[in-house]
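S.K.:
Number of protein chains: 2
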Amino acid sequence: MRSLRLLLPAAALLAATLALVSVTHGQARTPVTLIVTGGTVITEDAARRVIPSGAVAINHDVIVAVDTAEAIGAKFEGAEVIDARGQVVLPGLVNTHGHAAMVLYRGLGSDLALMDWLNNYIFPAEKKTVSPDFVRVGTRLAALEMIESGTTTFTDMYYFESDVAEATRESGLRAVLGESVIKFPVADAATPEEGLARAEAFIEQWRNDPLITPAVAPHSPYTLEPGTLKAVRALANKYDVPMLIHLAETQDEVKQIDARFHMSPTKFLESLGVWNGKSVAAHAVWVDDADMDILAKRGVGLSHNPESNMKLASGTAPVLKWLAHGIHAGIGTDGAASNNDLDMFEAMRVTAFLHKLANMDPRAMPASLALDLATRGGADVLGMGQKIGSLEVGKQADVITVTMDGARQTPVYDPIAQLVYVNRGDDVRNTIVAGKVLMRDRQVTTLRRADVLRDARAMAERVRSAVK
Amino acid sequence: MRSLRLLLPAAALLAATLALVSVTHGQARTPVTLIVTGGTVITEDAARRVIPSGAVAINHDVIVAVDTAEAIGAKFEGAEVIDARGQVVLPGLVNTHGHAAMVLYRGLGSDLALMDWLNNYIFPAEKKTVSPDFVRVGTRLAALEMIESGTTTFTDMYYFESDVAEATRESGLRAVLGESVIKFPVADAATPEEGLARAEAFIEQWRNDPLITPAVAPHSPYTLEPGTLKAVRALANKYDVPMLIHLAETQDEVKQIDARFHMSPTKFLESLGVWNGKSVAAHAVWVDDADMDILAKRGVGLSHNPESNMKLASGTAPVLKWLAHGIHAGIGTDGAASNNDLDMFEAMRVTAFLHKLANMDPRAMPASLALDLATRGGADVLGMGQKIGSLEVGKQADVITVTMDGARQTPVYDPIAQLVYVNRGDDVRNTIVAGKVLMRDRQVTTLRRADVLRDARAMAERVRSAVK
Chain A
-8 MRSLRLLLPA
2 AALLAATLAL
12 VSVTHGQART
22 PVTLIVTGGT
32 VITEDAARRV
42 IPSGAVAINH
52 DVIVAVDTAE
62 AIGAKFEGAE
72 VIDARGQVVL
82 PGLVNTHGHA
92 AMVLYRGLGS
102 DLALMDWLNN
112 YIFPAEKKTV
122 SPDFVRVGTR
132 LAALEMIESG
142 TTTFTDMYYF
152 ESDVAEATRE
162 SGLRAVLGES
172 VIKFPVADAA
182 TPEEGLARAE
192 AFIEQWRNDP
202 LITPAVAPHS
212 PYTLEPGTLK
222 AVRALANKYD
232 VPMLIHLAET
242 QDEVKQIDAR
252 FHMSPTKFLE
262 SLGVWNGKSV
272 AAHAVWVDDA
282 DMDILAKRGV
292 GLSHNPESNM
302 KLASGTAPVL
312 KWLAHGIHAG
322 IGTDGAASNN
332 DLDMFEAMRV
342 TAFLHKLANM
352 DPRAMPASLA
362 LDLATRGGAD
372 VLGMGQKIGS
382 LEVGKQADVI
392 TVTMDGARQT
402 PVYDPIAQLV
412 YVNRGDDVRN
422 TIVAGKVLMR
432 DRQVTTLRRA
442 DVLRDARAMA
452 ERVRSAVK
Chain B
-8 MRSLRLLLPA
2 AALLAATLAL
12 VSVTHGQART
22 PVTLIVTGGT
32 VITEDAARRV
42 IPSGAVAINH
52 DVIVAVDTAE
62 AIGAKFEGAE
72 VIDARGQVVL
82 PGLVNTHGHA
92 AMVLYRGLGS
102 DLALMDWLNN
112 YIFPAEKKTV
122 SPDFVRVGTR
132 LAALEMIESG
142 TTTFTDMYYF
152 ESDVAEATRE
162 SGLRAVLGES
172 VIKFPVADAA
182 TPEEGLARAE
192 AFIEQWRNDP
202 LITPAVAPHS
212 PYTLEPGTLK
222 AVRALANKYD
232 VPMLIHLAET
242 QDEVKQIDAR
252 FHMSPTKFLE
262 SLGVWNGKSV
272 AAHAVWVDDA
282 DMDILAKRGV
292 GLSHNPESNM
302 KLASGTAPVL
312 KWLAHGIHAG
322 IGTDGAASNN
332 DLDMFEAMRV
342 TAFLHKLANM
352 DPRAMPASLA
362 LDLATRGGAD
372 VLGMGQKIGS
382 LEVGKQADVI
392 TVTMDGARQT
402 PVYDPIAQLV
412 YVNRGDDVRN
422 TIVAGKVLMR
432 DRQVTTLRRA
442 DVLRDARAMA
452 ERVRSAVK
């Protein structure tokens, strides 16, 4: 029951149709590298235009036209054509927070109290296993999962970030990668100063990459001293790169900062000038109106991670209030150790469910808003709103196609409701980043699937030994 | 990357191994109809035994042995053998609440206030479209989705229930089917008296069926008069069948019953003697300790529907309190109009997430408890705990096998955490009910998939016209 196929007969038929149109109009069609045609195109543009039988024309890395399949067929000739009939075509999903390599700890020590889990599973495992090789193997596995589930841009806060970047480049994904800075000795730095130096070297090395935005990632307000937090901001501003940070995730964090500084975490960072530049903060569960005023004024992008916040019992972030304050908001999966997967479709669904319940109103977070957050919203959070997040002429060609023809998806009355309430990553059939097809009809083109899984399973043996 | 195959070479190899074992032991092996072998068997028995390389021997409809693959291979010879290596084998999932045919309204009028949705979408659609043909087409689609997602027993409250039963019989699923009784004119009854008569005829007709348990389904305390509620109980007790009812789903319901009867919905039904017999109540979001004492004392089974309760913003059912009161609890998806699918894996996951958050404790609802609720708990709710809900000798052979080898499932440290936090219905590869293989390596054997989808899409056209 696959409705998308790269069948020769279909391609031939299309070519014939295009040729006919061409002859009819008596004009040459413009050659482009790729056309995705025939699906319901959900543009996520400012007007939220949906084109029932639409197409996207792509030349190299850029979208050159978004229109009806007929109009695109008349004007353009694609070197490659993806037949998306019976599918939905939409901007690739933007995951605004996570720790990619932690897929290698997926499901390790579930259902424990937070400190028990961290102290007896995650920290010992990280201490004994995190290495350049580990993060490469883990990032490849995460990239495979993300490509297979329709994420085209992801955000990372972890260690050995230059190795994360190498593995990400192999995969073809777009990413914002933040080298961690934290006050404890960690796998790639004995001190925060070493972390800062490593972050600077990483930024220097990657700052001109077309797909990878290097960043610096101070872990959180409660795991760094004021001086280091200021130094992190200075470093980010020196290179005009984003700072990625965990913020106000738990009540405990709020208590700790209050006990030391008599302020909320948000105000504490404001008092240090840490928000004076590009910033992405994850969670922001425990923020009040004054905090949100600061975050809005400073243009901080916030990443909502509903599955992690539920599974770890952190609380319910006031996402509708974030939006009412004019804050840029997106969705993240967090690391797979606390979720336990990287499926942004599920993250959209849980976002919608959670805020309907939290607001006791089924209208509170409609499917269309959850989709906005996972696409254009996420792009804005990462400061990339001009470049990605919607299907519009001139933007980067980050596009996914999604099937709608399974039993559990039948019938379709409202494609956006279906995307958010029924679909899953597994329904994605094609994943395109910067015009390059990373997955074609469920076959990932950039990573060798069997090798990635084999290496991950071998690495998992080391993790098992580490937590014994 | 499919680890399960019914390959002839593998079967031949297994047969050879079995023969060898037989010769070695010098004794004949007992012939059985089906062996599922080689997977991690999660029994869900009283000891929650997990057998890493296990097998289940099935003869006709009954489980005759659960042991290591080696021990089963030495003792039994299967007419059919399912190779479940690399998979998890567990009891089929039990969906304790739903409206199967409402899959035909999947996603219709999403994100609206409850009464707007019901009055402008669901009720007009039901008025114009519900018919014997509609419920057959809808139930077949729902059954296809349920078989494909590992549900082996489902619960239904709808109209034309004898047609639902016919379609269910075709599918091979096990079900508790309740003919609706409600005070308003509905598709199959102009009055509640007609509904009662239809329910009695339905029970008479189906009460000796091996897989279908007929039941009577009074809609709710607020949509029936006291006299009818008493009559419903009398009818259920006359035939010793369950009564299925919606209970305390919304605060509004509680207010309505309080305004008329100055009691909670649970106490109102208790005052009428409605709980004196087999009963399954769905939702029970707004119940207090006194209500739960009554429900425990009367042995009422409760169905928790977290996705529906979140999406419709009904509230958070106090499931841990239900359990503390000794109430039988299971999980349901509710109808696909309000969920929007019938995937019990997702229902397990959201159950775990929701109660961790509601109790602000990540230990509150571990994966193992969510799995209990979806299997043995659900069986108890339906009064079928002696018959289904675990893999034990003498129980009905309702068994599913689930893959664990995708990128998003790698690595596996804890199969139960993986089942609940990562897996989805699509990961189910084999679905067996009463020893009959309803889905073999993703191919449904009892329903013609293409026909089911075609009929559903045709029926959806009528629905579209009805709500225009």
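So the sequences go chain by chain: A and B. In terms of the numbering used here, the first sequence opens at residue -8 and continues consecutively. In terms of the numbering used here, the second sequence opens at residue -8 and continues consecutively. The beta-carbon is built from N, C-alpha and C at its ideal position, and this holds for glycine as well. This one's a predicted model, so the numbers in the text were calculated from it and none came from an experiment.
Measure how close the beta-carbons of His210/A and Tyr149/A come, nearest whole angstrom, since I'm counting them as under 8 Å.
M.R.: 10 Å between Cβ atoms; not a contact.
S.K.: In chain B, which residues lie less than 9 Å from Thr307/A when you measure between Cβ atoms?
M.R.: Leu348
S.K.: Does the distance from the C-beta atom of Pro309/A to that of Val79/A stay below 8 Å?
M.R.: No, they are not a contact pair.
S.K.: Any C-beta of chain A sitting closer than 8 Å to the C-beta of Glu35/B?
M.R.: no
S.K.: Would you list, in sequence order, the uninterrupted alpha helix (DSSP H) runs of no fewer than 4 residues that lie entirely inside the stretch 39 to 88 of chain A?
M.R.: 60 to 66
S.K.: Could you tell me which residues DSSP puts in a beta bridge with Arg420/B?
M.R.: In DSSP, Arg420/B forms no bridge with anything.
S.K.: Can the beta-carbon of Thr463/A be found less than 8 Å from the beta-carbon of Gly321/A?
M.R.: A question about residue 463/A goes unanswered here, because the residues of chain A that appear run from -8 up to 459.
S.K.: Counting only the same chain and skipping the five closest in sequence on each side, list residues whose C-beta sits under 6 Å from that of His316/B.
M.R.: Met283, Ala287
S.K.: Spatial neighbours of Arg415/B within its chain, please: C-beta separation below 8 Å, excluding the five flanking residues on both sides.
M.R.: Ser140, Asp334, Phe336, Glu337
S.K.: Any C-beta of chain B sitting closer than 8 Å to the C-beta of Lys302/A?
M.R.: yes
S.K.: Tell me the DSSP secondary structure of Glu185/A in three-state form.
M.R.: helix
S.K.: Please identify the residue among Pro115/B, Ala46/B, Ile54/B whose C-alpha is closest to the C-alpha of Lys459/B.
M.R.: Pro115/B
S.K.: Establish whether the CB of Glu417/A and some CB of chain B are separated by less than 8 Å.
M.R.: According to the sequence as given, residue 417/A is Asp; it is not Glu. Yes, Asp417/A lies at the interface with chain B (some Cβ there is under 8 Å from its Cβ).
S.K.: Which of the three DSSP states is assigned to Val242/A in this structure?
M.R.: A small correction: the amino acid at residue 242/A is Gln; Val does not occupy that position in the sequence shown. Note: Gln242/A maps to helix in three-state DSSP.
S.K.: Which residues of the stretch 409 to 438 of chain A have a Cβ closer than 8 Å to any Cβ of chain B? Give them in chain order.
M.R.: Gln409, Tyr412, Val413, Arg415, Gly416, Asp417
S.K.: Starting from Thr394/B, follow its DSSP beta bridges and name the residues at the other end.
M.R.: By DSSP's assignment, Thr394/B forms a beta bridge with Gln78/B.
S.K.: Just to check my reading of the structure: Val413/A and Asn331/B have Cβ atoms closer than 8 Å, yes? What is that Cβ distance to the nearest angstrom?
M.R.: Taking a contact as a CB-CB distance under 8 Å, the pair Val413/A and Asn331/B counts as one, their CB atoms being some 5 Å apart.
S.K.: Jot down the residue ranges of each uninterrupted beta strand (DSSP E) in the stretch 129 to 186 of chain B, minimum 3 residues, whole runs only, in chain order.
M.R.: 142 to 149, 165 to 172
S.K.: At a Cβ threshold of 8 Å, is Val14/B touching chain A?
M.R.: For Val14/B, the pLDDT reaches just 47, beneath the cut-off of 50, and the residue's location in the model is therefore unreliable, leaving the point undetermined.
S.K.: Would Met234/A and Ala192/A be called neighbours here (beta carbons separated by less than 8 Å)?
M.R.: no
S.K.: Does any CB atom of chain B fall closer than 8 Å to the CB of Asp325/A?
M.R.: no
S.K.: Does chain A have any CB closer than 8 Å to the CB of Leu336/B?
M.R.: Strictly speaking, residue 336/B in this sequence is Phe, with Leu absent from that position. Chain A, which has no Cβ nearer than 8 Å to the Cβ of Phe336/B, makes this no.
S.K.: Comparing the C-beta of Pro357/A with each C-beta of chain B, is any distance below 8 Å?
M.R.: yes
S.K.: For Thr15/A, I'd like the list of residues in its chain whose CB is within less than 6 Å of its CB, leaving aside the five on either flank, ordered along the chain.
M.R.: In this predicted model, Thr15/A has a pLDDT of only 48, less than 50, meaning its place in the structure is not dependable enough to derive any value.
S.K.: Where does Ala38/A land, buried or exposed, given buried means 16+ other C-beta within 10 angstroms?
M.R.: exposed
S.K.: At 8 Å on the CB atoms, spell out the chain A contacts of Leu364/B, in chain order.
M.R.: Here the premise fails: no neighbours, minimum Cβ distance about 14 Å.
S.K.: Between Arg399/B and the rest of its own chain, which residues show a CB-CB distance below 8 Å, the 5 nearest in sequence each way excluded?
M.R.: Val413
S.K.: Tell me, which residues are paired with Leu475/A by DSSP?
M.R.: In the structure as shown, chain A starts at -8 and stops at 459, and residue 475/A therefore has no counterpart that could be examined.
S.K.: If you reduce the DSSP assignment to three classes, tell me which class Ile34/A lands in.
M.R.: Rather than Ile, the amino acid found at residue 34/A in this sequence is Thr. Per DSSP, reduced to three states, the secondary structure at Thr34/A is coil, with no helix or strand assignment.
S.K.: Would you call Gln377/A buried or exposed, if buried means 16 or more other Cβ atoms sit within 10 Å of its Cβ?
M.R.: With fewer than 16 Cβ atoms within 10 Å of its Cβ, Gln377/A is classed as exposed.
S.K.: Hey, does Glu383/A have any beta-carbon neighbour from chain B nearer than 8 Å?
M.R.: no
S.K.: Would you mind listing the alpha helix (DSSP H) stretches within the stretch 100 to 131 of chain A that are 4+ residues and don't spill past its ends, in chain order?
M.R.: 105 to 108, 114 to 120
S.K.: For the 8 Å Cβ check, are there 3 or more pairs between the stretch 362 to 371 of chain B and the stretch 286 to 300 of chain A?
M.R.: no
S.K.: In chain order, what residues of the same chain lie with their CB nearer than 6 Å to the CB of Ser13/B, ignoring the 5 residues before and after it?
M.R.: For Ser13/B, the pLDDT reaches just 46, beneath the cut-off of 50, and the residue's location in the model is therefore unreliable, although a value from the coordinates is still provided. The residues are Arg20.
S.K.: Let me check understanding here. Comparing Cα to Cα, which of Ser305/A, Ala349/A, Gly45/A lies closest to Ser329/A?
M.R.: Ser305/A
S.K.: Chain B partners of Met283/A, CB-CB under 8 Å?
M.R.: What Met283/A touches in chain B: nothing, since even the nearest Cβ is about 21 Å away.
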